[in-house]
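*Asks:* Numbering (my numbering), first residue to last: 9 to 100. All C-beta atoms, glycine included, are put in the ideal place defined by N, C-alpha and C.
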Ligand SMILES: [Zn+2]
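1) Look up residue 48 in the DSSP assignment and say whether it is helix, strand or coil.
2) According to DSSP, simplified to helix, strand and coil, what is residue 39?
3) On a Cα-Cα basis, can you pick out the residue from 34, 38 and 31 that is closest to residue 25?
4) So, are the CB atoms of residue 52 and residue 73 less than 8 angstroms apart?
5) Work out the CA separation of residue 33 and residue 68 for me, nearest whole Å.
6) Identify, in the order they occur along the chain, each residue of the same chain with its Cβ nearer than 6 angstroms to the Cβ of residue 70, setting aside the five sequence neighbours on each side.
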């Protein structure tokens, strides 16, 4: 089996929508994958900030921001998201 290296975008897509809590339309809380803490993702103008290490120190668009954007865009257009995108397998 080949080792698959996930891009940052793909890792963002792996954050489940239920791990994202909307505090208000420009402020979200994303539970970390160990479930013990989380990160605040806040809209600033046209972009987003996050208080995780990746974003603050490496200045990249981190997986939390990707996840919030995916949740917002998926939410308004398709109630079946994320299953319709094939990101998660629907329960059998
Ligand atoms: Zn982040």
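*Replies:* Result, derived from the coordinates:
1) It is a strand residue.
2) strand
3) 38
4) no
5) 22 angstroms
6) 58, 60, 62 and 63
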